[in-house]
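So for the sequence shown, this note's numbering puts the first residue at 116; every next one is plus one.
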Amino acid sequence: MSAIAKTGLRENMPQFILLVIVNAFVGGMVGLERSILPKIAEADFEKAAHTALLSFIVVFGISKAITNYLGGAFANRTGRKNLLIAGWIFAIPVPPILMYAEDWNWILFANVLLGINQGLAWSSTVVMKIDLVGEKDRGFAMGINESAGYIAVALVAFLTGWIAMHYDIRPYPFYIGIVLVAAGLLLSIFFIKDTRGHVETEAKENNVPRLKRLFWDTSLLDRNLGSVTQAGIINNLNDGMMWGIFPILLAEKTFSLAEIGIITATYPAVWGIGQLFTGKMSDFFCKKSLLSWGMFLQALALLGIFFASSMWEYLSLSVLLGWGTAMVYPTFLATVAENTHPLDRAASLGVFRFWRDMGYAIGALLTGLIADLLNLGAAILVIAGLTFFSAVLIEFRMRCRIKALKISEWVTMKFGGKKSVDLRD
Numbered sequence: 116m117s118a119i120a121k122t123g124l125r126e127n128m129p130q131f132i133l134l135v136i137v138n139a140f141v142g143g144m145v146g147l148e149r150s151i152l153p154k155i156a157e158a159d160f161e162k163a164a165h166t167a168l169l170s171f172i173v174v175f176g177i178s179k180a181i182t183n184y185l186g187g188a189f190a191n192r193t194g195r196k197n198l199l200i201a202g203w204i205f206a207i208p209v210p211p212i213l214m215y216a217e218d219w220n221w222i223l224f225a226n227v228l229l230g231i232n233q234g235l236a237w238s239s240t241v242v243m244k245i246d247l248v249g250e251k252d253r254g255f256a257m258g259i260n261e262s263a264g265y266i267a268v269a270l271v272a273f274l275t276g277w278i279a280m281h282y283d284i285r286p287y288p289f290y291i292g293i294v295l296v297a298a299g300l301l302l303s304i305f306f307i308k309d310t311r312g313h314v315e316t317e318a319k320e321n322n323v324p325r326l327k328r329l330f331w332d333t334s335l336l337d338r339n340l341g342s343v344t345q346a347g348i349i350n351n352l353n354d355g356m357m358w359g360i361f362p363i364l365l366a367e368k369t370f371s372l373a374e375i376g377i378i379t380a381t382y383p384a385v386w387g388i389g390q391l392f393t394g395k396m397s398d399f400f401c402k403k404s405l406l407s408w409g410m411f412l413q414a415l416a417l418l419g420i421f422f423a424s425s426m427w428e429y430l431s432l433s434v435l436l437g438w439g440t441a442m443v444y445p446t447f448l449a450t451v452a453e454n455t456h457p458l459d460r461a462a463s464l465g466v467f468r469f470w471r472d473m474g475y476a477i478g479a480l481l482t483g484l485i486a487d488l489l490n491l492g493a494a495i496l497v498i499a500g501l502t503f504f505s506a507v508l509i510e511f512r513m514r515c516r517i518k519a520l521k522i523s524e525w526v527t528m529k530f531g532g533k534k535s536v537d538l539r540d
């Protein structure tokens with residue numbers, strides 16, 4: 116067996132670090148739009164109705180979801196690296212279109228391309244890191260991966276808001292995108308190596324059964340995979356609302372562009388940084404426990420946003436929402452990997468990410484319709500309710516495949532005086 120085919124974080128550290136950097140550039144591409152595109156829609160294109168304004172999130176979510184599925188299906192056949200490079204090629208036109216588009220349809224087209232970029236590039240870096248590290252540090256690896264991506268989302272969201280405030284809303288904020296595309300594409304072509312050899316190595320030692328109906332098992336039928344998939348949909352549904360509705364809500368409450376940039380960047384920043392800790396937690400605790408608690412905290416934060424009014428309240432709730440999302444996001448990916456055979460992994464992750472990112476489109480449409488028919492507050496309450504229901508479903512349906520502590524059991528052992536508790540499976 117060649118050294119390059121060995122799995123493990125330490126054994127593959129140089130490639131792992133390069134993939135983390137590349138994924139940060141991928142995340143930065145989403146951050147380009149995070150704080151200012153709703154404002155551009157209203158200011159430059161007179162998109163006042165929430166359903167019309169949020170159409171850019173709908174097309175982004177649909178194109179990313181479909182690309183996730185196709186990328187997962189073809190990953191073993193075409194190679195992860197080739198999909199990564201293709202993802203960056205689709206991103207090349209995005210910054211110029213966002214800079215100079217004179218028609219809203221061009222903005223929608225840019226978001227189709229951005230969705231393809233995210234579906235191919237982010238999915239590839241996720242699968243390649245899972246291939247490299249093996250089972251022991253899988254949650255930690257996913258935490259680092261998602262942390263890099265969402266810290267970049269937050270940083271670029273803040274920078275674009277600051278640039279728009281001090282210069283102009285277009286074209287200056289999108290110059291950042293040109294740098295991100297160039298750096299990501301060059302690194303992917305010249306420095307990233309494919310990981311198919313690592314998959315073959317792990318497949319020889321893995322005893323997880325192959326999925327007979329991969330699409331439907333991942334989507335619904337398998338109790339663990341189906342639980343993760345529904346939670347992924349709801350998580351991105353409420354993230355789509357935060358992306359599109361939250362800046363509008365803050366603008367209606369007369370917050371400045373700079374203040375909106377700070378508040379909207381706080382949520383993905385905590386989400387990103389938090390995953391450095393929660394990813395490792397998912398290697399230690401029962402994954403079901405992190406998922407149910409994470410979704411519950413998200414629901415609690417969304418309910419709080421309905422009642423909030425001051426900047427400090429919104430910042431505090433953004434922190435809570437970010438932490439709840441950090442608990443689930445790397446755990447989603449680690450759970451899918453844990454419950455699938457290595458030869459099924461890329462395709463199953465593709466199915467999961469298909470449904471998860473359809474949540475963007477569903478969330479944007481649902482919240483836009485409710486906001487237009489009723490108001491923004493009603494949209495937030497509905498999403499909070501759906502998120503709470505998701506937490507309950509995980510708690511009652513999911514099981515831990517590998518024996519591990521639940522968070523409640525760890526708290527009892529740590530602070531309740533018990534020296535040991537039974538591990539649950």
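Even glycine gets a Cβ: it sits at the ideal position worked out from N, Cα and C. Note that the coordinates shown come from a computational prediction; the quantities given were computed from them, not determined experimentally.
Pairwise C-alpha distance: residue j and residue i
i                 : j                 : result
methionine 426    : lysine 368        : 10 angstroms
alanine 441       : tryptophan 219    : 33 angstroms
arginine 539      : glycine 312       : Low per-residue confidence applies at arginine 539: pLDDT is 46, beneath 50, and the placement is therefore not dependable, though the value from the model is reported in the following sentence. Using only the alpha carbons, I get a separation of about 34 angstroms.
threonine 455     : leucine 340       : 9 angstroms
proline 288       : tyrosine 382      : 20 angstroms
asparagine 321    : proline 457       : 7 angstroms
leucine 302       : leucine 185       : 23 angstroms
serine 150        : serine 170        : 16 angstroms
arginine 471      : aspartate 337     : 16 angstroms
glycine 187       : glutamate 428     : 40 angstroms
tryptophan 408    : asparagine 127    : 32 angstroms
alanine 494       : alanine 479       : 10 angstroms
phenylalanine 422 : lysine 308        : 49 angstroms
aspartate 537     : aspartate 459     : Note that aspartate 537 has pLDDT 49, beneath the 50 cutoff, so the model's placement of it is unreliable and no number is given.
isoleucine 485    : alanine 318       : 47 angstroms
tryptophan 350    : leucine 496       : What sits at residue 350 in the sequence shown is asparagine, not tryptophan. For asparagine 350 and leucine 496, the distance between alpha carbons rounds to 15 angstroms.
leucine 335       : serine 463        : 12 angstroms
threonine 393     : leucine 405       : 8 angstroms
isoleucine 304    : asparagine 232    : 15 angstroms
tyrosine 265      : leucine 481       : 24 angstroms
glutamate 157     : arginine 253      : 43 angstroms
valine 79         : phenylalanine 189 : Outside the shown range of the chain (116 to 540) lies residue 79, about which nothing can therefore be said.
leucine 326       : tryptophan 237    : 24 angstroms
leucine 417       : alanine 272       : 21 angstroms
glycine 355       : valine 314        : 33 angstroms
Neighbour-count burial assignment, residue i, 16 or more Cβ in a 10 Å radius
i                 : result
valine 294        : exposed
threonine 193     : exposed
isoleucine 132    : exposed
threonine 122     : buried
serine 117        : Annotation note: pLDDT 43 at serine 117 (below 50); position unreliable, no value reported.
phenylalanine 306 : exposed
glycine 500       : exposed
arginine 512      : exposed
arginine 328      : exposed
glutamate 217     : exposed
arginine 125      : exposed
alanine 297       : exposed
proline 210       : buried
serine 424        : exposed
serine 371        : exposed
aspartate 283     : exposed
Sequence-distant residues of the same chain with beta carbon closer than 7 angstroms to residue i, five excluded per side
i                 : result
leucine 508       : Ser342, Gln345
phenylalanine 175 : Asn226, Leu229, Gly230, Tyr475
isoleucine 375    : Ser150, Gly276, Pro362, Leu365, Ala366
isoleucine 281    : Residue 281 is actually histidine in this sequence, not isoleucine. Counting only Cβ-Cβ distances below 7 angstroms, and skipping sequence neighbours, we find nothing.
threonine 310     : Arg195, Met243, Asp246, Leu247
phenylalanine 330 : Val466
Host alpha helix (DSSP H) of residue i (start-end)
i                 : result
phenylalanine 447 : 426-453
glutamate 317     : 311-318
phenylalanine 305 : 290-305
isoleucine 207    : Premise fails: isoleucine 207 is in no alpha helix (DSSP H) and is neither H nor E.
glycine 60        : This structure cannot speak to residue 60, because the chain is shown only from 116 to 540.
leucine 418       : 402-422
glutamate 217     : Per DSSP, glutamate 217 belongs to no alpha helix (DSSP H) and is neither H nor E.
glycine 387       : 372-399
lysine 327        : From DSSP, lysine 327 is part of no alpha helix (DSSP H); its letter is neither H nor E.
methionine 513    : Where methionine 513 is concerned, there is no enclosing alpha helix (DSSP H), given that its DSSP letter is neither H nor E.
glutamate 148     : 128-149
isoleucine 363    : 338-367
serine 463        : 457-488
aspartate 159     : 152-160
Same chain, Cβ closer than 6 angstroms to residue i, five either side skipped, listed in chain order
i                 : result
lysine 145        : Here the sequence assigns valine to residue 145, which means lysine is not the residue at that position. Here the set comprises Val268.
leucine 415       : none
phenylalanine 503 : Ala414
leucine 134       : Thr240, Met243, Lys244
methionine 257    : Gly394, Pro445, Leu448, Ala449
glutamate 510     : Ser407
Cβ-based neighbour list, residue i, same chain, cut-off 8 angstroms, excluding 5 preceding and 5 following
i              : result
isoleucine 204 : Leu300
Inside the stretch 221-278 only - alpha helix (DSSP H) runs reaching at least 4 residues: 238-248
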